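Chemist:
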Amino acid sequence: MAVPVLALRDVSKRFGATQALSGMTLELFPGEVHAVVGENGAGKSTMIKVMTGVHEPTSGTVEVDGQTVTLSGPRDARSRGISAIYQEPMVFPDLDVAENIFIAATDLGLVQRKGLLRERAAQLIARIGMTLDPDRVASGLTLAEQQAVEIARALSQDVRVLIMDEPTASLSAHEAGRLRRIARTLASEGVAVVYISHRLEEIFDIAHRVTVIRDGRHISTRPIAEVTPQGMIAEMVGREVGNYFRKDASHATPEVLLSVRGLSQEDAFEGVSFDIHRGEVLCMAGLIGARRTDVALSLFGIHPATGGSIAWKGREVRVGSPREAMALGLAYVSEDRRKLGLAMPLSIRSNVTLATLGKVLTRWGLVREGRERSVTNRYRERLNIRMADADTPVGKLSGGNQQKVMLAKWLETEPQLLIFDEPTRGIDVGAKAEVHDLIRDFVRGGGAALVISSDLPEVLALGDRILVMREGRQMGILAHEEATQEAIMRLATGQEAAAA
1 MAVPVLALRD VSKRFGATQA LSGMTLELFP GEVHAVVGEN GAGKSTMIKV
51 MTGVHEPTSG TVEVDGQTVT LSGPRDARSR GISAIYQEPM VFPDLDVAEN
101 IFIAATDLGL VQRKGLLRER AAQLIARIGM TLDPDRVASG LTLAEQQAVE
151 IARALSQDVR VLIMDEPTAS LSAHEAGRLR RIARTLASEG VAVVYISHRL
201 EEIFDIAHRV TVIRDGRHIS TRPIAEVTPQ GMIAEMVGRE VGNYFRKDAS
251 HATPEVLLSV RGLSQEDAFE GVSFDIHRGE VLCMAGLIGA RRTDVALSLF
301 GIHPATGGSI AWKGREVRVG SPREAMALGL AYVSEDRRKL GLAMPLSIRS
351 NVTLATLGKV LTRWGLVREG RERSVTNRYR ERLNIRMADA DTPVGKLSGG
401 NQQKVMLAKW LETEPQLLIF DEPTRGIDVG AKAEVHDLIR DFVRGGGAAL
451 VISSDLPEVL ALGDRILVMR EGRQMGILAH EEATQEAIMR LATGQEAAAA
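Going by full-length UniProt numbering, the sequence shown opens with residue 1, and the numbers climb by one from there.
1) Where does R209 sit, in a helix, a strand or coil, going by DSSP?
2) If we count the other Cβ atoms within 10 Å of its Cβ and call it buried at 16 or more, is A207 buried or exposed?
3) Helix, strand or coil: which one does DSSP assign to M489?
4) Should the region 246 to 264 be regarded as contacting the region 310 to 322, the criterion being three or more beta carbon pairs within less than 8 angstroms?
5) Starting from the Cα of Y332, find the closest Cα among V360, R315, L366, T293 and give me that residue.
6) What does W312 pair with, by DSSP beta-bridge criteria?
7) So what's E270 in DSSP terms, helix, strand or just coil?
8) Give a yes or no on whether the C-beta atoms belonging to L417 and G447 are separated by under 8 angstroms.
9) Determine, using beta-carbon pairs with one atom in the region 367 to 384 and one in the region 316 to 326, whether at least three such pairs fall under 8 angstroms.
10) If I125 and A84 are in contact, beta carbons under 8 angstroms, what's the gap, nearest whole angstrom?
11) Output the distance between the C-alpha atoms of V33 and S334, rounded to the nearest integer angstrom.
12) What is the DSSP secondary structure of Y379, reduced to helix, strand or coil?
13) Inspect the CB distances between the region 194 to 204 and the region 85 to 93 and report whether three or more fall short of 8 angstroms.
14) With distances taken from CA atoms, which of S298, S250, K247, P254 is nearest E270?
15) Please report how far the alpha carbon of P457 lies from the alpha carbon of E201, in whole angstroms.
16) Going by other Cβ atoms of all chains shown within 10 Å of its Cβ, with 16 needed for buried, is A408 buried or exposed?
17) Please report how far the alpha carbon of H436 lies from the alpha carbon of L462, in whole angstroms.
18) Identify, in the order they occur along the chain, each residue of the same chain with its Cβ nearer than 8 angstroms to the Cβ of R470, setting aside the five sequence neighbours on each side.
19) Using the C-alpha atoms, what's the distance from L179 back to L186?
20) Can you give me the C-alpha to C-alpha distance between R323 and L411, rounded to a whole angstrom?
21) What number of angstroms, rounded off, separates the C-alpha of residue 536 from the C-alpha of H251?
22) If you run the structure through DSSP and keep just helix, strand and coil, what is R214?
23) Quick check: what's the CA-CA separation for G400 versus G216?
24) Decide if D389 is buried, meaning its Cβ has at least 16 other Cβ atoms within 10 Å, or exposed.
25) What does a CB cutoff of less than 8 angstroms around M232 pick up in its chain, not counting 5 residues either side in sequence?
26) Between the alpha carbons of Q147 and P89, how many angstroms are there, rounded?
27) Is there a Cβ from chain D that is less than 8 angstroms from the Cβ of E201?
28) Three-state secondary structure (DSSP) at S197?
29) With which residues is Y332 paired in a DSSP beta bridge?
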């Protein structure tokens with residue numbers, strides 16, 4: 001029987017009163033892509049840190065090639081061929097590609113011989129099927145290219161186990177497909193690939209086996225042929241979750257809330273035209289670099305448009321700032337909740353009332369904490385936010401619950417049009433289903449939503465209509481009845497001409 005290259009045996013990890021892992025068992029074999037799935041907070045991050053030497057188990061053992069080992073840190077793990085890449089790559093922007101790949105090289109002869117360094121870097125890049133100039137400065141790389149650099153760095157260290165933690169969460173469908181091909185290539189060369197993703201379609205596309213974990217415990221490990229999406233979801237969340245990629249009947253009305261004609265922004269996008277009706281979900285799809293977020297930032301007044309027109313309820317308006325956008329009834333749920341959406345060190349209640357601070361201040365400018373708690377508890381029930389209490393720092397919540405806090409902040413402004421930028425990026429399937437339901441509830445109640453998403457199943461499930469962009473240009477608008485992943489991708493990649 002084959003010996004696993006890396007195994008966790010009955011591993012538990014406790015942080016104070018928190019039991020992060022309980023009796024976790026996992027075996028990784030050379031030449032396989034082993035997917036690991038679970039909700040946010042299930043223990044995936046702790047498990048990764050145990051495998052890479054960041055954390056030592058409280059109990060249980062780690063084995064490499066059948067021998068029990070103690071990983072003293074990430075350097076020790078890498079010396080044994082265990083590396084990880086994450087959703088946010090760690091590259092040094094001022095160094096070039098070759099220097100980033102060999103940043104940890106101990107061979108001074110290689111480092112000093114620039115020509116050999118670049119030759120070796122080019123070989124590693126070619127090995128993963130990428131075309132990348134070794135002399136290119138890393139600050140100009142796309143996210144997908146940065147991840148390729150990290151993979152090449154792992155290969156330079158003779159990687160045997162490569163852990164890929166949400167590697168495609170911030171990538172377009174095209175770039176995500178290319179990354180999965182790289183993972184398959186590495187597995188075919190004998191590397192054990194651990195693939196962690198909330199995108200279930202990726203799991204069924206790439207994995208040989210799937211392990212489900214919940215509440216820090218191992219639930220199941222099965223060959224992919226024995227797994228169904230419904231069964232996997234039920235094991236992940238401990239309950240049955242309906243088809244969260246279902247398409248509900250449209251609630252769109254004839255009333256046009258927002259009308260955009262020829263909207264442009266210098267050096268970003270041009271000629272964007274669409275209407276959003278009350279009760280409608282208009283989705284915006286496209287590859288990375290399509291400039292969809294730039295359109296959202298213009299609509300919300302963060303980067304005002306330099307051309308075209310915006311009409312709100314039939315009246316032409318100029319949106320020159322977020323304050324003006326909010327006064328009209330717009331709200332913007334950012335794709336980057338950690339940097340732009342929430343103040344992570346502050347309490348949940350402070351974040352919920354951040355956009356409506358005037359409602360909770362006394363006449364002397366002091367915060368009425370009781371009012372903040374009341375507002376927060378109302379959204380806690382309405383949005384099913386899982387938290388200890390309103391004074392908990394929002395940074396301690398799971399990604400899905402942080403997303404709900406950010407949504408609560410904007411719902412408290414009583415908007416009529418909600419702009420969602422990647423609303424379910426990086427959150428688990430249970431939280432994703434809840435966010436979808438919240439969007440549907442909002443438009444069913446008479447609001448409207450503009451949803452920017454790189455997740456095509458999500459776009460098809462939510463969108464009454466789908467606007468496709470490519471490199472700052474609008475390529476067409478598809479009705480839900482005519483929209484398929486293939487039709488969207490043909491427009492997004494320029495295979496079809498823009499619609500008139």
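Built from N, CA and C at the ideal position, the CB exists for glycine as well.
The structure presented is a predicted model; accordingly, all values stated were derived computationally and were not measured.
Modeler: Taking the coordinates as given:
1) strand
2) buried
3) helix
4) yes
5) T293
6) L258, R315
7) strand
8) yes
9) no
10) Actually they do not touch by this definition, with Cβ atoms about 20 angstroms apart.
11) Cα to Cα, V33 sits roughly 33 angstroms from S334.
12) helix
13) no
14) S298
15) 9 angstroms
16) buried
17) 7 angstroms
18) G286, L287, A290, L491, A492, T493, G494
19) 11 angstroms
20) The straight-line gap from Cα to Cα measures roughly 15 angstroms.
21) Outside the displayed span of the chain (1 to 500) sits residue 536, for which this structure offers no information.
22) strand
23) Spanning the alpha carbons of G400 and G216 requires a straight line of approximately 17 angstroms.
24) exposed
25) Closer than 8 angstroms at Cβ, skipping near neighbours: V37, L200, I203, V210, V212.
26) 6 angstroms
27) No chain D appears in this structure, which consists of one protein chain only.
28) coil
29) Beta-bridge pairing by DSSP links Y332 to I419.
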